[in-house]
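If you read the protein sequences in the order shown, they are chains D and X.
Letter 16 of the first sequence, counting from 1, is numbered 16 in UniProt numbering, and no numbers are missing.
Letter 90 of the second sequence, counting from 1, is numbered 90 in UniProt numbering, and no numbers are missing.
Positions of the beta carbon are idealized from the N, C-alpha and C atoms, including for glycine.
2 protein chains.
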Amino acid sequence: MIARTPEPPYYAVIFTSLRTDTEQDYAATAGRMLELAADQPGFLGVESARGADGLGITVSYWASEDDIRHWRVQAEHREAQRRGRADWYRAFRTRVAKVEREYGMG
Amino acid sequence: MIARTPEPPYYAVIFTSLRTDTEQDYAATAGRMLELAADQPGFLGVESARGADGLGITVSYWASEDDIRHWRVQAEHREAQRRGRADWYRAFRTRVAKVEREYGMG
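What follows is the structure in structure tokens.
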């Protein structure tokens with residue numbers, strides 16, 4: 001659940017969202033996108049949480065910016081992004097960031 | 001709830017955690033830390049979610065790495081970090097990242 005990422009540097013895509021009330025195809029597509037992301041070159045891990053207040057945060061980790069670009073334009077992912085904008089999200093932000101250091105416990 | 005951050009570049013601290021069962025002082029301290037963080041120099045915003053499976057993700061945004069270092073060693077925050085390691089978290093990762101681009105909707 002906490003991603004086991006390598007020594008920095010590597011990249012993070014921080015996706016923060018608020019959902020609409022539309023449930024149709026959402027859970028199945030979200031699950032499919034996690035599965036598909038994990039098969040892409042450079043995928044390092046993902047962490048995801050949605051709170052009771054409706055705010056969702058998904059952070060995916062990638063070896064390089066090229067890997068992120070490749071994933072962003074993957075055909076099935078593009079179609080999911082289109083559905084996301086049209087149906088599932090009322091607001092979202094995507095931030096691409098270079099992880100420079102990491103520490104922790106457990 | 002979705003942070004309104006300025007044009008990149010700026011910095012993100014991605015804090016991912018799994019809680020213990022210890023509730024004592026946790027909610028009050030977590031609330032106090034959000035309040036205190038918002039008063040620090042360079043604070044740009046924060047997003048936080050904890051899912052039903054127990055994984056929590058809090059992302060705070062900062063103008064510079066110096067601002068993050070300053071917040072990390074702030075006295076009351078240091079004591080909260082100590083309590084976190086001892087009592088509230090069974091595992092956590094902290095990742096410091098430079099946000100290079102951002103886009104979104106809503």
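First and last residue of the uninterrupted beta strand (DSSP E) at arginine 19 of chain D: On the first sequence, residue 19 of chain D is found 19 positions in, with the first residue counted as 1. Taken as a continuous stretch (DSSP letters only), the beta strand (DSSP E) holding arginine 19 of chain D covers 10-19.
So, helix, strand or coil for methionine 105 of chain D, using DSSP? Translated into the one-based positions of the first sequence, residue 105 of chain D becomes position 105. Three-state DSSP puts methionine 105 of chain D in a strand.
7 Å Cβ cut-off: residues of chain X touching alanine 49 of chain D: As a working mapping, residue 49 of chain D is identified with position 49 in the first sequence. Those within 7 Å of alanine 49 of chain D in chain X are Ala49, Arg50, Gly51, Leu55, Gly56 and Ile57.
Could you tell me the distance, in whole angstroms, from the CA atom of glycine 84 of chain D to the CA atom of methionine 33 of chain D? Looking up residue 84 of chain D in the first sequence gives position 84. Looking up residue 33 of chain D in the first sequence gives position 33. About 12 Å.
Under the three-state reduction of DSSP, which class applies to glycine 56 of chain X: helix, strand or coil? Stepping through the second sequence from its first residue, residue 56 of chain X is reached at position 56. Looking at glycine 56 of chain X - three-state DSSP - the assignment turns out to be strand.
CB of serine 64 of chain X to nearest heavy atom of the ligand FMN: below 8 Å? As far as ligands go, the structure on display features none, and thus does not contain the ligand FMN.
Nearest chain D C-beta to tyrosine 26 of chain X closer than 9 Å, yes or no? Mapped onto the second sequence, residue 26 of chain X falls at position 26. It does not: the Cβ of tyrosine 26 of chain X has no partner Cβ on chain D nearer than 9 Å.
With a cut-off of 9 Å, does the C-beta of alanine 97 of chain D fall near any C-beta of chain X? Counting from 1 along the first sequence, the entry for residue 97 of chain D is found at position 97. Closer than 9 Å: yes.
What residue range is occupied by the uninterrupted beta strand (DSSP E) comprising glutamate 47 of chain D? The residue labelled residue 47 of chain D in the question sits at position 47 within the first sequence. Looking at the DSSP string, the run of the beta strand (DSSP E) that includes glutamate 47 of chain D is 43-50.
Looking at alanine 49 of chain D: is its Cβ nearer than 9 Å to the Cβ of arginine 50 of chain X? Here residue 49 of chain D refers to the residue found at position 49 when the first sequence is read from its first residue. Here residue 50 of chain X refers to the residue found at position 50 when the second sequence is read from its first residue. Cβ atoms of alanine 49 of chain D and arginine 50 of chain X: closer than 9 Å.
9 Å Cβ cutoff met for alanine 63 of chain D and glycine 42 of chain D: Taking the first residue of the first sequence as position 1, residue 63 of chain D is located at position 63. Taking the first residue of the first sequence as position 1, residue 42 of chain D is located at position 42. Yes.
Could you please give the first and the last residue of the uninterrupted alpha helix (DSSP H) stretch that includes threonine 22 of chain D? Locating residue 22 of chain D in the first sequence gives position 22, where the first residue counts as 1. Per DSSP, threonine 22 of chain D belongs to no alpha helix (DSSP H) and is neither H nor E.
From what residue to what residue does the alpha helix (DSSP H) around glutamine 81 of chain X run? Counting from one through the second sequence, the residue named residue 81 of chain X turns up at place 81. Run containing glutamine 81 of chain X: 75-83, per the alpha helix (DSSP H) assignment.
Can you name the start and end residues of the alpha helix (DSSP H) that glutamate 7 of chain D belongs to? If you number the first sequence from 1, residue 7 of chain D lands on position 7. Where glutamate 7 of chain D is concerned, there is no enclosing alpha helix (DSSP H), given that its DSSP letter is neither H nor E.
Contacting positions in the segment 74-90 of chain D - beta carbon closer than 8 Å to chain X: Arg85, Tyr89 and Arg90
Within-9 Å CB hit, threonine 16 of chain X to chain D: Taking the first residue of the second sequence as position 1, residue 16 of chain X is located at position 16. Judged by the 9 Å Cβ criterion, threonine 16 of chain X is in contact with chain D.
May I have the straight-line CA-CA distance separating histidine 70 of chain X from glutamate 79 of chain D, to the nearest angstrom? Here residue 70 of chain X corresponds to residue number 70 of the second sequence, with the count starting at 1. Here residue 79 of chain D corresponds to residue number 79 of the first sequence, with the count starting at 1. If I take the Cα positions, the gap works out to 43 Å.
Proximity of phenylalanine 92 of chain X and leucine 18 of chain X at Cβ, strictly below 9 Å: Counted from its first residue, the second sequence places residue 92 of chain X at position 92. Counted from its first residue, the second sequence places residue 18 of chain X at position 18. It is a contact, given that the beta carbons lie within the stated cut-off.
What's the call for glycine 106 of chain D, buried or exposed, on a 16-neighbour Cβ count within 10 Å? Along the first sequence, read from residue 1 onward, the residue named residue 106 of chain D stands at position 106. Flag for glycine 106 of chain D reads exposed.
Under DSSP, the alpha helix (DSSP H) around alanine 30 of chain X begins and ends at which residues? As a working note, residue 30 of chain X is residue 30 in the second sequence. Element bounds for alanine 30 of chain X: 26-38.
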